[in-house]
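Following the working numbering, the numbering of the sequence shown begins with -18 at its first residue and continues without gaps.
The beta-carbon is built from N, C-alpha and C at its ideal position, and this holds for glycine as well.
One structure is given here, and the rest of the page talks about it.
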Amino acid sequence: MVGTPIFDELRDLFATSPDRFGSQPRAQSASPRAARPPTKIIVTGGPGAGKTTFVGSVSDTHPIAVEGATDFGRITLHADLVVYLFGTSQPGHPGFAGALGAVVLVNPRRLEDAFAMINYFENSSDLPFIVAVTMVDSGLAHDLDEVREALALDLQVPLTTCDARDPRSATAVLQQLVAHTLNRNPSNPAP
Ligand SMILES: Nc1nc2c(ncn2[C@@H]2O[C@H](COP(=O)(O)OP(=O)(O)OP(=O)(O)O)[C@@H](O)[C@H]2O)c(=O)[nH]1
Ligand SMILES: [Mg+2]
């Protein structure tokens, strides 16, 4: 897609902490092919939270749905930096392995659908994650503080809103996730 948004934070992270992208030092790689697995971001949330829409909004490609409810998308930032998006409703899906972080989409009409996923990230995973409330245009007057309380979400987990149909809105959420991963794992300290 022409005009794919550029994630400056992601470029910075790539420049300063290539290890966060799953790359091995080339000298130690068993083979050049094993040098750099692609970067992966998880897009998750309960049924109907907007996962497929979100992945489609930010991807260069049409999202590919497999196994009924799993989405794949791709963002090419430059030749050396391709981000794969992986959408699923299943907490702890094997596809989570090696991801940079996760976006949990929450439909405010169905907060309870998000409990299992948030519980998973808070208690059973080290993956950085942020939460984005979708469907906010539907006239629901949910204050984000109320949502945080209802989800019992730790104050350190960023909580925002998103229109998954809008590429700029969805991209802003990915930027927040990347910024959050940078905050949690500060890259090399400034000299
Ligand atoms: N108003 C509004 N509608 C949205 C938003 N995101 C998605 N939708 C709509 O909500 C419906 C469900 O979105 P999907 O992207 O299919 O949700 P999903 O999480 O992939 O759903 P499953 O794969 O069935 O679990 C679709 O009709 C979307 O157009 C949003 O942010 N705002
Ligand atoms: Mg879907």
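- Under the DSSP assignment, Thr33 falls in the alpha helix (DSSP H) whose first and last residues are Lys32 to Val39.
- Val138: not part of any beta strand (DSSP E); DSSP gives it neither H nor E.
- DSSP places Gly79 outside both helix and strand once states are collapsed to three, so it counts as coil.
- Across the structure, Phe96 and His59 are spaced so that their CA atoms are roughly 36 Å apart.
- It is roughly 10 Å from the alpha-carbon of Asp52 to the alpha-carbon of His43.
- Judged by the Cβ position, Thr33 qualifies as a neighbour of ligand 2 at the 7 Å threshold, a heavy atom of the ligand being closer than this.
- When secondary structure is reduced to three states using DSSP, Ala113 falls in the strand class.
- Residue side-chain check: Asp144 keeps its Cβ at 7 Å or more from all non-hydrogen atoms of ligand 2.
- Set against 7 Å, the gap from the CB of Asp94 to the closest heavy atom of ligand 2 is not smaller.
- The DSSP-derived three-state label of Thr51 is strand.
- A distance criterion of 7 Å places the beta-carbon of Ala160 beyond contact range of ligand 1, judged by its closest non-hydrogen atom.
- Here Asp94 is near Gly27, since their CB atoms are less than 8 Å apart.
- Taking non-hydrogen atoms of ligand 1 into account, the C-beta of Gly29 is found less than 7 Å away from one of them.
- With a 10 Å radius around the Cβ and a threshold of 16 neighbouring Cβ atoms, Ala78 comes out exposed.
- Here Arg165 has Pro109 as same chain residues with Cβ atoms under 6 Å from its own Cβ, once five neighbours each way along the sequence are excluded.
- Under DSSP, Leu66 shares a beta bridge with Ile22 and Gly54.
- Per DSSP, Gln156 is one residue of the alpha helix (DSSP H) stretching across Pro148 to Arg165.
- Two segments are said to touch when three or more pairs of C-beta atoms, one from each, lie closer than 8 Å; by this definition the stretch 99 to 107 does not touch the stretch 123 to 131.
- Here Leu108 carries a coil assignment [DSSP, helix/strand/coil].
- Here Pro89 is buried: its Cβ has 16 or more other Cβ atoms, across all protein chains shown, within 10 Å.
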